[in-house]
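Student: Got a structure for you, written out below as structure tokens; questions coming shortly.
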Amino acid sequence: MEGARFLHIELNRADLRRPLPTDFVKRLRGKTVTGLGRRGKYLLADLSSGEVLMMHLGMSGSFRVARETDEKTPGEFHHPRSRERTHDHVVFHMSSGTRITFNDPRRFGLMLLVRRAELADHPLMRQVGPEPLGNAFDAAMLARACANRKTSLKAALSDQKVVAGLGNIYVCEALHRARLSPKRSAATLARGAGQPTPRAEKLVAAIKDVLHNAIAAGGSSLRDHRRTDGELGDFQHNFRVYGREGKPCPTPGCRGTIRRIVQGGRSTFFCPVCQR
DNA sequence: CCGCGGGCCTGAGAGC
DNA sequence: TGCTCTCAGGCCCGCG
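Following this note's numbering, the residues of the first sequence are numbered contiguously, the last one being 344.
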């Protein structure tokens with residue numbers, strides 16, 4: 069996409085999580101993508117018009133990238149639903165000869181256009197907390213965000229305002245690596261004045277560690293996720309708790325059994341013995 | 001202001 | 001085979 073122009077945009081469905089702008093196609097056609105970026109779970113494409121195309125994959129969204137001349141990409145070939153091209157809601161045909169297809173069965177994904185100057189103030193962006201792999205994200209910052217909160221650690225880490233980009237898997241995995249219970253009060257990461265406790269230090273290190281490792285492994289392929297080359301990610305083989313209910317806790321010396329509970333309507337996997 | 005439950009969607013898999 | 005039920009990597013909204 070980078071450096072290429074939108075030649076043609078196919079819109080098969082305009083009702084994603086929210087309706088696309090009515091002039092979506094008009095605002096994209098002929099514009100050049102001057103840069104690609106990301107903030108939290110939002111994908112960002114800077115356009116020559118001064119607007120930014122904001123995209124979110126929701127639960128089931130994916131982009132596949134192909135040459136216009138290709139029948140299939142490796143990613144498509146290996147995709148479990150490659151026979152059905154239903155749910156290809158948006159297709160970008162770029163001047164570089166690349167075709168980029170947004171597929172999203174559940175339509176929890178999102179695309180919208182925002183003026184670059186207003187991006188930081190956009191309601192969806194203003195909410196997004198610190199990047200977990202950035203230097204600014206440390207125990208002091210996490211403790212400050214969690215002090216005075218009357219919620220669980222699981223809910224706090226899942227909250228994109230506290231830290232950006234963690235989903236259900238990585239929250240569960242980070243808490244296990246830090247040996248902290250998902251049920252523990254988030255406020256216990258801070259002392260009265262908001263200073264970080266040693267728990268906060270451990271948790272920040274665990275978050276960074278699990279994300280670095282997951283990225284190096286190409287991500288977690290449960291059903292939809294693929295690497296950019298179409299191959300499966302490998303990190304699902306390194307899960308210590310996620311999806312492992314009833315299995316022995318992998319913590320050395322721990323005799324616990326992984327349990328599944330529901331918090332805020334979502335599954336939490338944890339070891340009740342070593343996570344306190 | 002804050003936290004929680006329900007709702008938004010489709011598809012896969014289990015159990016009957 | 002086919003039905004019903006549960007669950008799924010996310011997030012917004014309304015309620016209390």
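Built from N, CA and C at the ideal position, the CB exists for glycine as well.
1. Between the beta-carbon of Met162 and the beta-carbon of Leu75, is there less than 8 Å?
2. State the DSSP-derived secondary structure class of Leu210, mapped to helix, strand or coil.
3. Within a Cβ cutoff of 8 Å, which residues of the same chain sit near Arg247, ignoring the five residues on either side of it in sequence?
4. Leaving aside the five residues before and after Ser128 along the sequence, list all residues of the same chain whose C-beta is less than 6 Å from its C-beta, in chain order.
5. Got a sec? Which residues, its chain only, sit under 6 Å from Arg232 by beta carbon, not counting five neighbours each side?
6. Using CA coordinates, which residue listed in Lys218, Ala282 and Ala113 is at the minimum distance from Leu257?
7. Please check the pair Met73 and Thr100, which I expect to be a contact at CB under 8 Å, by giving their CB distance rounded to whole angstroms.
8. Considering only residues of the same chain and omitting the five flanking positions on each side of Val120, which have a CB-CB separation below 8 Å?
9. Determine the direct distance from the alpha carbon of His305 to that of Ala282, and round the result to whole angstroms.
10. Using the three-state DSSP reduction, which class does Ile326 fall into: helix, strand or coil?
11. Tell me, which residues are paired with Tyr110 by DSSP?
12. Which residues in the same chain have their Cβ closer than 6 Å to the Cβ of Ser355, if we skip the five residues on either side of it in sequence?
13. Please determine if the region 250-266 and the region 203-212 are in contact, where contact requires at least 3 C-beta pairs separated by less than 8 Å.
14. Just how far apart, CA to CA, sit Glu78 and Arg85?
15. By Cβ distance below 8 Å, which residues in the same chain neighbour Gln331 in space, the five residues on each side in sequence not counted?
16. Assign Ser116 to one of two classes, buried (16 or more other C-beta atoms within 10 Å of its C-beta) or exposed (fewer than that).
17. Using the beta-carbon count (16 or more within 10 Å), is Glu241 buried or exposed?
18. Near Arg312, which residues of its chain fall below 7 Å by C-beta distance, leaving aside the five closest residues on each side in sequence?
19. Among residues of its own chain, excluding the 5 on either side of Arg259, which ones have a beta-carbon nearer than 7 Å to its beta-carbon?
Tutor: Inspection of the coordinates gives the following:
1. At the C-beta level, Met162 and Leu75 come within 8 Å of one another.
2. In the structure shown, Leu210 sits in a helix (DSSP, three-state: H, G or I).
3. These residues qualify, in order along the chain: Lys270, Thr319, Cys342, Gln343 and Arg344.
4. Correct list, in chain order: Asp172, Pro173, Arg174 and Asp292.
5. Here the sequence assigns Ala to residue 232, which means Arg is not the residue at that position. Here the set comprises Gly108, Val196, Gly197 and Glu199.
6. Nearest C-alpha to Leu257: Lys218.
7. Here residue 73 turns out to be Arg, not Met, going by the sequence shown. Cβ atoms of Arg73 and Thr100 come within 8 Å of each other, at about 5 Å.
8. Cβ neighbours of Val120 beyond the five flanking positions: Leu112, Ala113, Asp114, Leu181, Val182, Arg183, Arg184 and Leu187.
9. Their backbone Cα atoms lie some 10 Å apart in a straight line.
10. DSSP places Ile326 in the coil class of the three-state scheme, outside both helix and strand.
11. Arg107 and His124.
12. Coverage of the chain is limited to positions 69 through 344, which leaves residue 355 absent and any answer about it impossible.
13. Touching, yes.
14. Looking at the two C-alpha atoms, the distance is approximately 18 Å.
15. The beta carbon of Gln331 sits closer than 8 Å to the beta carbons of Ser220, Lys222, Ala223, Pro250 and Lys251 from its chain, once the five residues preceding and following it are set aside; these are given in chain order.
16. Classification for Ser116: exposed.
17. Residue environment analysis places Glu241 among the buried positions, since at least 16 neighbouring C-beta atoms fall within 10 angstroms of its C-beta.
18. Within its own chain, the residues whose Cβ lies closer than 7 Å to the Cβ of Arg312, once the five positions on either side in sequence are excluded, are Ile326 and Phe337, listed in chain order.
19. Residues of the same chain with a CB within less than 7 Å of the CB of Arg259, apart from the 5 flanking positions on each side, are Thr265 in chain order.
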